[in-house]
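Counting from 11, one number per residue, gives the positions in the sequence shown under my numbering.
Yeah, the Cβ is synthetic: ideal placement off N, Cα and C, and Gly gets one too.
Working notes, beginning with the structure itself.
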Amino acid sequence: MNPYEIDFGDRLRGMTVTGTSPDGQIRATVSGDMRLELRLRPGAYDQADERGLSRQLAGLGATTWVAWERERREIYRRYQGLSTEEAEADRRTPRDSRYRLFEEGLRRLECQALSPSEVLHVRTVGMTEWHVDIEPGTLRRLREPEFVQEVVSAFGGLIQDRERRLTLLKAEHFDLGIPRSWLDRTR
Numbered sequence: 011m012n013p014y015e016i017d018f019g020d021r022l023r024g025m026t027v028t029g030t031s032p033d034g035q036i037r038a039t040v041s042g043d044m045r046l047e048l049r050l051r052p053g054a055y056d057q058a059d060e061r062g063l064s065r066q067l068a069g070l071g072a073t074t075w076v077a078w079e080r081e082r083r084e085i086y087r088r089y090q091g092l093s094t095e096e097a098e099a100d101r102r103t104p105r106d107s108r109y110r111l112f113e114e115g116l117r118r119l120e121c122q123a124l125s126p127s128e129v130l131h132v133r134t135v136g137m138t139e140w141h142v143d144i145e146p147g148t149l150r151r152l153r154e155p156e157f158v159q160e161v162v163s164a165f166g167g168l169i170q171d172r173e174r175r176l177t178l179l180k181a182e183h184f185d186l187g188i189p190r191s192w193l194d195r196t197r
């Protein structure tokens, strides 16, 4: 590796991905440090209802996370100097049982967060299955910028919950040096 190259962590922090809701009315951009920027097309918020917007945000979350994972894998592939074929072969290489159990736990990892005013609840399973619930009447009570801030805050809370749960999952399968008594208290 060239000593003047940017390290892997810097590459991840520098990445940006964009996703679009199924109806094309909402766009999400997530930066490498997991900051979310959310934009709705003009008039989309005024025409939305809670149920429909919940579905669109859930779809947006899933597609944006898939884009995030693909970009992360691509950065890793380039950092390792692997061809696309080599990276795919590496992904398909059988892992030991601990790693397989960890990956299964990762696919089932449930995370959730509430927005600051508790009008929005986000839940995920494995970060590929997203559920968003918006409290009835929210779109009438909040202006678009206020609602967007609720979504951005809920996303931040979701990522924090995921990081906490991911650490516990890793500690369950790999030795992270965390005392068992501490882990037991967090469950």
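Could you spell out the range, first to last residue, of the alpha helix (DSSP H) harbouring residue i?
| i | result |
| --- | --- |
| residue 64 | 60–90 |
| residue 169 | 154–183 |
| residue 115 | 107–118 |
| residue 29 | Premise fails: residue 29 lies in the beta strand (DSSP E), 26–30, not in any alpha helix (DSSP H). |
| residue 56 | 54–57 |
| residue 94 | 94–102 |
So, are the CB atoms of residue i and residue j less than 9 Å apart?
| i | j | result |
| --- | --- | --- |
| residue 162 | residue 47 | yes |
| residue 129 | residue 81 | no |
| residue 6 | residue 148 | One cannot answer for residue 6 here, as it falls past the ends of the chain, which runs 11 to 197. |
| residue 91 | residue 123 | no |
| residue 66 | residue 20 | no |
| residue 50 | residue 154 | yes |
| residue 29 | residue 94 | no |
| residue 136 | residue 108 | no |
| residue 64 | residue 144 | yes |
| residue 87 | residue 72 | no |
| residue 22 | residue 116 | no |
| residue 25 | residue 85 | yes |
| residue 196 | residue 179 | no |
Using 10 angstroms around the beta-carbon of residue i, count the other beta-carbons present and answer buried if the total reaches 16, otherwise exposed.
| i | result |
| --- | --- |
| residue 99 | exposed |
| residue 174 | exposed |
| residue 191 | exposed |
| residue 152 | buried |
| residue 150 | exposed |
| residue 57 | exposed |
| residue 13 | Here the model assigns residue 13 a pLDDT of 45, short of 50, so the residue's position is not dependable and the matter cannot be decided. |
| residue 7 | As displayed, the chain neither begins before 11 nor continues past 197, which places residue 7 out of reach and without an answer. |
| residue 11 | Confidence at residue 11 is low in this model, with a pLDDT of 48, below 50, so the placement of that residue should be treated as unreliable; the coordinate-derived value is given next. The residue in question, residue 11, is exposed, as its Cβ has fewer than 16 Cβ neighbours within 10 Å. |
| residue 160 | buried |
| residue 157 | buried |
| residue 184 | exposed |
| residue 172 | buried |
| residue 170 | exposed |
| residue 16 | exposed |
Where do the ends of the beta strand (DSSP E) carrying residue i lie?
| i | result |
| --- | --- |
| residue 48 | 46–50 |
| residue 39 | 36–41 |
| residue 145 | Element bounds for residue 145: n/a, residue is neither H nor E. |
| residue 134 | 130–135 |
Using a Cβ distance threshold of 8 Å, determine whether the region 103–123 contacts the region 36–45, with at least three qualifying pairs required. no
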